[in-house]
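*Asks:*
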């Protein structure tokens with residue numbers, strides 16, 4: 001029995017060393033939804049853009065080498081008998097949306113503006129930007145829910161300053177994609193899922209000229225996008241950062 005326990009511990013240690021340790025961990029939740037974060041540009045030059053970001057703190061001098069996050073693809077439509085949007089969830093099994101579901105992502109890092117919550121927001125231009133094609137794993141939740149776990153390495157790793165606060169944004173990037181079979185009523189969206197953890201420091205931020213009428217960052221808590229009740233978003237985004 002003692003040898004078995006030691007063997008199990010050795011195997012667990014080997015797996016830990018091989019995979020590394022997450023330096024920041026905000027796991028996703030099936031109980032919560034998410035927020036649109038994407039840049040889609042169709043052949044006619046029409047955009048469907050919204051960028052989401054969440055903050056984190058650098059607690060060691062090690063570089064960020066890998067990012068893991070959770071999300072789901074959906075398409076918004078307004079049937080004639082309903083006034084509120086209805087979301088249709090799709091994945092790689094639907095040939096109509098296959099190209100959209102396999103689009104790459106943009107990962108950006110921003111500095112913090114130095115203000116206190118809830119006025120803390122990303123500042124200026126990205127200080128790190130990566131175009132990545134992540135590995136994708138489909139996750140089955142309580143029926144009929146499902147989602148995807150994404151995993152991507154950062155090359156070169158993101159260099160950070162210990163004790164500093166940063167923001168990370170993750171967007172689906174899809175250029176040249178036709179905006180769905182019903183262009184005027186049916187729009188593709190990628191939702192970055194919310195975390196099961198409470199807010200660490202500040203609420204997630206979002207910017208979208210389509211929704212807010214400007215290019216500024218807005219707190220999802222103070223200025224939620226249309227269709228979301230004020231001050232109902234009280235959680236972080238779901239992602240992990242690896243050293």
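In the numbering used here, the protein residues as written are 1 to 243. Every residue, glycine too, gets a C-beta built ideally from N, C-alpha and C.
#1: Short of 6 Å in beta carbon distance, which residues of its chain neighbour residue 24, apart from the five on each side in sequence? Order them along the chain.
#2: Cα-Cα, which of 192, 147, 166, 67 is closest to residue 114?
#3: So what does DSSP say about residue 46, is it helix, strand or coil?
#4: Alpha carbon to alpha carbon, how far is residue 109 from residue 172?
#5: Based on DSSP bridge pairs, tell me the residues matched to residue 129.
#6: Once DSSP output is grouped into helix, strand and coil, what is the label at residue 207?
#7: Report back the beta-carbon spacing between residue 104 and residue 133 to the nearest angstrom; my notes put them in contact at under 8 Å.
#8: Could you give the distance in angstroms between the alpha-carbon of residue 63 and the alpha-carbon of residue 106?
#9: What does the alpha-carbon distance come out to for the pair residue 122 and residue 203?
#10: Which residues in the same chain as residue 60 place their Cβ atom closer than 8 Å to its Cβ, once the five residues preceding and following it in sequence are excluded?
#11: Going by C-alpha to C-alpha distance, which of 50, 47, 70, 54 sits closest to residue 27?
#12: From residue 150 to residue 156, what distance separates their C-alpha atoms?
#13: Using DSSP's beta-bridge definition, name the partner residues of residue 193.
#14: What residue does the beta strand (DSSP E) around residue 159 start on, and which one ends it?
#15: Does the separation of the CB atoms of residue 136 and residue 148 fall below 8 Å?
#16: For the putative contact between residue 239 and residue 67, defined by C-beta atoms under 8 Å, what is the C-beta separation to the nearest angstrom?
*Replies:* This is what the structure gives:
#1: 56, 241
#2: 166
#3: coil
#4: 15 Å
#5: 108
#6: Strand, per DSSP.
#7: 5 Å
#8: 19 Å
#9: 11 Å
#10: 23, 162, 243
#11: Residue 27 has its Cα closest to that of 70, out of 50, 47, 70, 54.
#12: 19 Å
#13: 34
#14: Element bounds for residue 159: n/a, residue is neither H nor E.
#15: Yes. Within cutoff.
#16: 6 Å
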